[in-house]
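>
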Amino acid sequence: MRDGPKTADLLDWYDAHARVLPWRVSPADRAGGIVPDPYAVWLSEIMLQQTTVAAVRDYFTRFMSIWPTVQDLAAAEDDRVMGEWAGLGYYARARNLLKCAREISALGAFPTTRAGLQALPGIGPYTSAAISAIAYDLPETVVDGNVERVMSRMFHVETPLPDAKSELTALAETLTPQKRAGDYAQAVMDLGATICTPKSPACGICPWNSDCLARRSGVQAELPKKKPKAKKPTRFGVVYLARNQAGEWLMERRPEKGLLGGMLGWPGAEWGDVAVEQPPFSADWQDPGVEVRHVFTHFNLHLSLRVVQTDGKIQPRQGLFLDIKRSDLPTVMRKAFDVAISHLSH
DNA sequence: AAGCCGTGGTA
DNA sequence: TTACCAAGGCT
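Oh and the first sequence: position 329 is 329 in the UniProt record's numbering, straight run, nothing missing.
1) Expressed to the nearest angstrom, what Euclidean distance is found between the alpha-carbon atoms of Phe281 and Thr297?
2) Tell me whether Phe281 sits in a helix, a strand or coil according to DSSP, three-state version.
3) Return the chain-ordered list of same chain residues with a C-beta closer than 6 Å to the C-beta of Thr331, the five sequence neighbours on each side being excluded.
4) Excluding the five sequence neighbours on either side, which residues of its own chain have a C-beta within less than 6 Å of the C-beta of Lys227, listed in chain order?
5) Phe60 by DSSP, collapsed to three states: which one?
6) Looking at Ile195 and Ala202, is the spacing between their C-beta atoms short of 8 Å?
7) Using the C-alpha atoms, what's the distance from Lys313 back to Pro224?
8) Name, in chain order, the residues that DSSP records as bridge partners for Gly272.
9) For a test of the three-state rule: what should DSSP assign to Gly265, helix, strand or coil?
10) Take Phe321 and list the residues in its own chain whose beta-carbon comes closer than 6 Å to its own, dropping the five residues that flank it on each side.
11) Classify Pro139: buried if its beta carbon has 16 or more other beta carbons within 10 angstroms, exposed otherwise.
12) Buried or exposed for Ile104, going by 16 or more other Cβ atoms inside 10 Å?
13) Which residue's Cα is closest to the Cα of Lys165: Thr141, Thr52, Asp12, Thr61?
14) Would you identify the three-state DSSP class for Leu250, choosing helix, strand or coil?
15) So Gly258 and Arg235 are in contact, right, with Cβ under 8 Å, and what is the actual spacing, rounded?
16) What alpha helix (DSSP H) runs, 4 residues minimum, are completely inside the region 58-117?
17) Output the distance between the C-alpha atoms of Ser44 and Leu73, rounded to the nearest integer angstrom.
18) How about Ala275 and Val307: do their beta carbons lie closer than 8 Å?
19) Using DSSP with H/G/I as helix, E/B as strand and the rest coil, what is Ala230?
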């Protein structure tokens, strides 16, 4: 198959407009023979799953600084990695990241095929294609949310997502070049992120505007169609924040599976339709009078707080007193922490 | 196969 | 405020 004119147009646009990103080898450097580090490509792609470039940037730089190679990461302690991931969300990614690093370290190197990559934990159809194309220049087709949107507009696909996924993948494959597959993959995603945006796409400056079937009919802003989403329920809970004289906080490590799996959390009963009082020990718990609200993917949370500064020796029924930093905590636990600190300092 | 799994930015 | 969305994967 010969690489087509649309593909060439997009690569020309990318040569002139590629964003500078910490994990990216520029098209000019690639042309000069610079080869991407598979470890950096893999790490960035895991962090970028359902996560914006702006949110990932500092985390990526910090991880690369602390653990410069996959062997370094494989040798890291679990709690340290979870702590560094705290705040980025989707914590199963961090657990799988470690598992994956250890498998690769045992293998001796990254797999060099898409199938080999996809057999690893945390690497699915998108990420295996992305690493194959970006790190190895293999002609694999990446299909993320950007590509789905771009293809649904280019080919005027009215089928709603997620049903349209296979159709959009087949269409995307028709444009993937045999050469410069890595630059092309990043070019389509850059196009989706900066020009072919969900709302108000900038068709006037799009390198594909004359080819776009949806634009020809003026319906580009209404694509892709999506199935309606269910409304989020609200759950309620109570958490207990206790500080001892050493400045340590009573915390527990959450179970590996499920919400915030493997992360630190404040003790308390499970969250549900009603708030359940379940203090980890008897004390004069104070109510700061401020509720924490937080939005998760599939529910809203209203969290009541109970705070105490302990002086004697406490034998809690749950958790351990730990010397923690705010940055070790997932965001919802940080919010509660901030309220407790403010309350205790008054 | 459809539900579960975070967070922050934007309109 | 509400709703949507972002370089998805796992079960």
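Every residue gets a Cβ at the ideal spot worked out from N, C-alpha and C, and that includes glycine.
On the basis of the data shown:
1) 32 Å
2) coil
3) Gly87
4) Pro160
5) helix
6) yes
7) 60 Å
8) Phe236
9) strand
10) Asn244, Glu248, Leu250
11) buried
12) buried
13) Thr141
14) strand
15) With a Cβ gap of about 13 Å, Gly258 and Arg235 do not count as contacting.
16) 70-74, 78-85, 92-107
17) 14 Å
18) no
19) coil
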